[in-house]
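Colleague: Top to bottom, those sequences are chains A and B.
To get my numbering, take the position in the first sequence, counting from 1, and add 162.
To get my numbering, take the position in the second sequence, counting from 1, and add 162.
First, the structure itself, so that you have it in front of you.
2 protein chains.
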Amino acid sequence: MSLIVQKFGGTSVGSIERIRNVAARAIAAQKAGHQVVVTVSAMSGETNRLVAMVEALTPSYNKREYDVVVSAGEQISIGLLAIAIDAMGAKARSYLGWQVRFLTDNIHSKARIQEIESDRIRKDLDEGYIVVVAGFQGVTDAGDVTTLGRGGSDTSAVALAAALKADLCDIYTDVDGVYTTDPRIEPKARKMDRISYDEMLEMASLGAKVLQTRSVELAKKYSVPVRVLSSLEEGTGTLLTVEDQTMEKVLVSAIAYNNNEAKITIIGVPDSPGVAASIFGTLAGANINVDMIIQNVSAGQLTDLTFTVPKADFKQTMDILKQSVKTIGARDVTGDTNIAKISAIGVGMRSHSGVAQKMFKALADERINIQMISTSEIKISVVIDEKYTELAVRTLHSAFELDKERGDSVGG
Amino acid sequence: MSLIVQKFGGTSVGSIERIRNVAARAIAAQKAGHQVVVTVSAMSGETNRLVAMVEALTPSYNKREYDVVVSAGEQISIGLLAIAIDAMGAKARSYLGWQVRFLTDNIHSKARIQEIESDRIRKDLDEGYIVVVAGFQGVTDAGDVTTLGRGGSDTSAVALAAALKADLCDIYTDVDGVYTTDPRIEPKARKMDRISYDEMLEMASLGAKVLQTRSVELAKKYSVPVRVLSSLEEGTGTLLTVEDQTMEKVLVSAIAYNNNEAKITIIGVPDSPGVAASIFGTLAGANINVDMIIQNVSAGQLTDLTFTVPKADFKQTMDILKQSVKTIGARDVTGDTNIAKISAIGVGMRSHSGVAQKMFKALADERINIQMISTSEIKISVVIDEKYTELAVRTLHSAFELDKERGDSVGG
């Protein structure tokens, strides 16, 4: 007998009818001989409704209390799902984060899971129950309710699968798998049968919204086999797994894009030790996540420093820098919100050269100017003018022949 | 320094603006030098919304899971209220039933509080926090969520006041106090400044919807001074307290009515031991609450048995009795849903005779026929045709001179 963790997002439990559909899937898996744990998000729209009430009270809300309010969404959906399963003749029992228990740190609204006490779940599974667990929420050592940040239910599911040593963690969503790029931009985008944790990690952090980044990190850390598949139609989805030789044969597996970042340049920065540390220290102190950083080769005593931040933090970042520009003796600060980051991702890059050159040439052929470049072992990202986003994605998708079947294809 | 428990119902926290109003009241009490604990219900409409979703899934829902779903309503309102208090510059902390903790039995959907562990609340109060506690919910010894039944937040507040040995438990509602009768029926109805626990108990169980019966029982048991007052306008409300001599001078304090009951008569019941026990045993087994019971003097071997049940249980009761009538050898069963129960209540009855006669005469003068009579130490109830409800209430209200100021009046 194998143990399966199933995770359903807000759309999948967005109505009474859909909750029944989820119940049917869980029961089917149990009838097929598996032990089944189901993790669900709040019904679609519910978390937004709760957050809107909080924000209507004050923009600078108490985060401990924010967690109390928003965690109610998952509480409603687990109870309803357990009732649906029970009404369809199977045994079900729901658990909240504090009951299971999902022990987290006390960073309210974006807590991290530290430990899961799963004894009660195991006991219920052995007694034939389908166990329904609230995603997104946890509890601190002191007994306060916490939430894991938006999209945290993916992380709940993978953490639960790791704690229970589950044989499979099925993440049901509104897409039928992970694609070589966004199919809304490139209709020739192809669903991948498998993808390595590292590739998925790059895709998640680069803006492909299929899975929360932390859930993929966790899956990699504990080698949890995660499958992304559709809750609305049948299919085999995409399996996240450790990389193997067939994967390495492919230079580039996917093209990702992100147009939620803005570019900032500090002009005429004194080229002396400690200046960069001071700038980024100030931004880190304001909880602003700096992404790509480029420092031009100095010409004399002065240099230019360019980096990207989330668009949502752009105004605050500019305000802070306009102050500190004087302190550090730089000349000026300029910003640009009309940029996009396009990335080519593939574990095959590790053992092949020439990927960067191929990427730059393909973009140059389309007269798309590259403003910034950053690379990792398995990824090359470029920043371009936002208006070329779709063109760049399609250009790179065909340059790396992602529309053609890969060697590792299972479907044939 | 005194400790006050304030309870606000769903209407009082029904919108963002009203939540701010509740926050302001709590802060004002703290600024006046009190330690303040606030208990709130779910925002008005919220519990109905949650129950409707449960019932859309199945009419015979799992009650453990029902409690998980509906208790989310109070979770939302306590978090929002704590955020509002915090935003207005005072310190606030919210607690759910399992955090405080409200230990209950495991009768899901109508659990009873067994014990409250209030250490954490005391500590917070001493540190200057306004403590916001979820009404209506608790937790079992095994760690399952329970709810106390509709209106249970009153009971939560009084239980909390008893556990904390509070100096006052203020129940804020949408009326400004307890009236000598329903002001919608008798415009001359007068707000009482004080009422004894026993009188309030009779009024609560007789259909005056100001307070949940169990909350009054609890207040009496632990001598908690409870005040009923309006959350929307200023006023001194009505104080529930132990009875005193001034109260005993008044024959009748209030007139209550209840037209949510139905009358059932079993005709031709064999007048032998055990028959009544068998009938009412069957009804108790189906969780049907039987209220007034009258058995006519037997004429020969047969007798008639009349009693009342909640209108909501009328159909089920008739179905059950049509079966058992044959078993016990009775002749027939008839029912009437068009009845009303009118009651005169007053601790003064204990030491005065003549109240019943005065009541029956006043009704007779208006040609209102009395179908059933039942009495307790401090109450006389009669069942009449429902269409005379308003006339009977007004008739008795003036017969007992309730429109005139009582001797114990504080307001003058």
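Where is the CB? At the ideal position from N, CA and C, for every residue including glycine.
Spatial neighbours of residue 215/B within its chain, please: C-beta separation below 8 Å, excluding the five flanking residues on both sides.
Modeller: Translated into positions along the second sequence, residue 215/B becomes position 53. So the list reads 231, once near-sequence residues are dropped.
Colleague: Residue 300/A to residue 437/A, Cα distance in whole Å?
Modeller: As a working note, residue 300/A is residue 138 in the first sequence. As a working note, residue 437/A is residue 275 in the first sequence. A direct Cα-Cα distance of roughly 40 Å separates residue 300/A from residue 437/A.
Colleague: Under 8 Å, Cβ to Cβ, is there at least one residue of chain B near residue 186/A?
Modeller: Along the first sequence, one-based indexing puts residue 186/A at 24. Closer than 8 Å: no.
Colleague: In terms of residues, what are the limits of the alpha helix (DSSP H) holding residue 478/B?
Modeller: By 1-based counting over the second sequence, the position of residue 478/B is 316. Taken as a continuous stretch (DSSP letters only), the alpha helix (DSSP H) holding residue 478/B covers 476-490.
Colleague: For residue 256/B, return the contacting residues in chain A, with the cut-off set at a CB-CB distance below 7 Å.
Modeller: As a first step, residue 256/B is located in the second sequence; it is residue number 94 there, counting from the start. Chain A residues near residue 256/B: 227, 230.
Colleague: Can you list, in chain order, the residues of its chain whose CB lies under 6 Å from that of residue 347/A, leaving out five sequence neighbours each side?
Modeller: Here residue 347/A refers to the residue found at position 185 of the first sequence. Cβ neighbours of residue 347/A beyond the five flanking positions: 552, 555.
Colleague: Taking C-beta pairs closer than 7 Å, name the residues in chain B that residue 305/A reaches, listed in chain order.
Modeller: Here the question's residue 305/A lines up with position 143 in the first sequence. Below the 7 Å Cβ cutoff, chain B contributes 261 as neighbours of residue 305/A, in chain order.
Colleague: From residue 298/A to residue 337/A, what does the alpha carbon distance come to, in whole angstroms?
Modeller: Counting from one through the first sequence, the residue named residue 298/A turns up at place 136. Counting from one through the first sequence, the residue named residue 337/A turns up at place 175. Whole-angstrom Cα-Cα distance: 20 Å.
Colleague: Quick one: residues in its chain with C-beta nearer than 7 Å to the C-beta of residue 565/A, no 5 flanking neighbours on either side, listed in chain order?
Modeller: In the first sequence, residue 565/A corresponds to position 403, counting from 1. Same-chain partners within the cutoff: 350, 352, 559.
Colleague: My parser needs the beta strand (DSSP E) runs of 3 or more residues fully inside the stretch 320-364 of chain A; what are they?
Modeller: The DSSP assignment places complete beta strand (DSSP E) segments of no fewer than 3 residues inside the stretch 320-364 of chain A at 330-335, 356-358, in order along the chain.
Colleague: Give the residues from the stretch 241-256 of chain A that approach chain B closer than 8 Å (Cβ to any Cβ), ordered along the chain.
Modeller: 241, 242, 244, 245, 246, 248, 249, 254, 255, 256
Colleague: What do you get for residue 470/B, buried or exposed, if any count of 16 or more other CB atoms within 10 angstroms of its CB means buried?
Modeller: Stepping through the second sequence from its first residue, residue 470/B is reached at position 308. Residue 470/B should be labelled buried.
Colleague: Could you please give the first and the last residue of the uninterrupted alpha helix (DSSP H) stretch that includes residue 584/B?
Modeller: For residue 584/B there is no data in the structure shown, the boundaries of chain B being 163 and 574.
Colleague: Applying a beta-carbon distance threshold of less than 7 Å, which residues of chain A neighbour residue 220/B?
Modeller: One-based indexing of the second sequence puts residue 220/B at position 58. The answer, in chain order, is 245, 249.
Colleague: Kindly say whether residue 212/A, judged by its beta-carbon, lies nearer than 8 Å to any beta-carbon of chain B.
Modeller: Locating residue 212/A in the first sequence gives position 50, counting from the first residue. So, interface residue.
Colleague: Give a yes or no on whether 8 Å exceeds the smallest Cβ distance from residue 569/B to chain A.
Modeller: Working through the second sequence from its first residue, we reach residue 569/B at position 407. Per-residue confidence for residue 569/B stands at a pLDDT of 49, beneath the threshold of 50, marking its modelled position as unreliable; the derived number appears in the next sentence. No - not a single Cβ of chain A is within 8 Å of the one on residue 569/B.
Colleague: Could you check whether the Cβ of residue 480/B sits closer than 8 Å to any Cβ belonging to chain A?
Modeller: One-based indexing of the second sequence puts residue 480/B at position 318. Output row for residue 480/B: interface = no.
Colleague: Roughly how many angstroms lie between the CA atoms of residue 326/A and residue 222/A, to the nearest whole one?
Modeller: The residue labelled residue 326/A in the question sits at position 164 within the first sequence. The residue labelled residue 222/A in the question sits at position 60 within the first sequence. One C-alpha to the other measures close to 38 Å.
Colleague: Report yes if the C-beta distance between residue 148/A and residue 504/A is below 8 Å; otherwise report no.
Modeller: Outside the shown range of chain A, which is 163 to 574, sits residue 148/A, and nothing can be said about it.
Colleague: Where does residue 519/B land, buried or exposed, given buried means 16+ other C-beta within 10 angstroms?
Modeller: Residue numbering aside, residue 519/B sits at position 357 when the second sequence is read from its first letter. Exposed: under 16 other Cβ atoms inside 10 Å.
Colleague: Examine chain A for any beta-carbon lying closer than 8 Å to the beta-carbon of residue 391/B, and answer yes or no.
Modeller: Here residue 391/B refers to the residue found at position 229 of the second sequence. Cβ-Cβ to chain A under 8 Å: no for residue 391/B.
Colleague: Which class does residue 225/B belong to by DSSP, given the choice of helix, strand or coil?
Modeller: Residue numbering aside, residue 225/B sits at position 63 when the second sequence is read from its first letter. The answer is helix: DSSP assigns residue 225/B an H, G or I state.
Colleague: Quick one, are the C-beta atoms of residue 415/B and residue 379/B less than 8 Å apart?
Modeller: Within the second sequence, the letter at position 253 stands for residue 415/B. Within the second sequence, the letter at position 217 stands for residue 379/B. Cβ atoms of residue 415/B and residue 379/B: not closer than 8 Å.
Colleague: Can you tell me whether residue 442/A is helix, strand or coil according to DSSP?
Modeller: Reading the first sequence from its first residue, position 280 is the one you call residue 442/A. If DSSP states are grouped into helix, strand and coil, residue 442/A belongs with the helices.
Colleague: In whole angstroms, give me the CA-to-CA distance for residue 210/A and residue 486/A.
Modeller: Numbered from 1 along the first sequence, position 48 holds the residue referred to as residue 210/A. Numbered from 1 along the first sequence, position 324 holds the residue referred to as residue 486/A. Answer to the nearest angstrom: the Cα atoms are 36 Å apart.
Colleague: Using a Cβ-Cβ distance cut-off of 8 Å, determine whether residue 234/A contacts chain E.
Modeller: Of the protein chains in this structure, namely A and B, none is chain E.
Colleague: Which residue marks the beginning of the alpha helix (DSSP H) containing residue 520/A, and which one marks its end?
Modeller: Residue numbering aside, residue 520/A sits at position 358 when the first sequence is read from its first letter. That run of the alpha helix (DSSP H) goes 517-527.
Colleague: How about residue 496/B and residue 427/B: do their beta carbons lie closer than 8 Å?
Modeller: Residue 496/B sits at position 334 when you count from the first residue of the second sequence. Residue 427/B sits at position 265 when you count from the first residue of the second sequence. Taking 8 Å as the Cβ cut-off, residue 496/B and residue 427/B qualify as a contacting pair.
Colleague: Closer than 7 Å by C-beta to residue 320/A: which residues in its own chain qualify, once you throw out the five before and the five after it? Chain order, please.
Modeller: Start at 1 with the first residue of the first sequence, and residue 320/A comes out as number 158. Same-chain partners within the cutoff: 331, 377, 380, 381, 386, 388.
Colleague: Tell me where the alpha helix (DSSP H) around residue 374/A begins and ends.
Modeller: The sequence position of residue 374/A within the first sequence is 212, counting from 1. Going by DSSP, residue 374/A is part of no alpha helix (DSSP H) at all; its letter is neither H nor E.
Colleague: May I ask you to list, following chain order, the residues of the stretch 165-190 of chain B that have a beta carbon less than 8 Å from some beta carbon of chain A?
Modeller: 178, 181, 182
Colleague: Could you check the C-alpha separation between residue 366/A and residue 372/A for me, to the nearest Å?
Modeller: Residue numbering aside, residue 366/A sits at position 204 when the first sequence is read from its first letter. Residue numbering aside, residue 372/A sits at position 210 when the first sequence is read from its first letter. Cα to Cα, residue 366/A sits roughly 7 Å from residue 372/A.
Colleague: What's the call for residue 517/A, buried or exposed, on a 16-neighbour Cβ count within 10 Å?
Modeller: Residue numbering aside, residue 517/A sits at position 355 when the first sequence is read from its first letter. With 16 or more Cβ atoms within 10 Å of its Cβ, residue 517/A is classed as buried.
Colleague: What's the gap between the Cα of residue 293/A and the Cα of residue 168/A?
Modeller: Taking the first sequence and counting its residues from 1, one reaches residue 293/A at position 131. Taking the first sequence and counting its residues from 1, one reaches residue 168/A at position 6. Taking the straight line joining both Cα atoms gives about 10 Å.
Colleague: Taking C-alpha atoms, which residue in 302/B, 418/B, 543/B, 263/B lies nearest to residue 340/B?
Modeller: For the purposes of this step, residue 340/B is taken as the residue at position 178 of the second sequence. For residue 340/B, the nearest C-alpha among the options comes from 418/B.
Colleague: Where does residue 534/B fall in DSSP's three states?
Modeller: Numbered from 1 along the second sequence, position 372 holds the residue referred to as residue 534/B. Strand.
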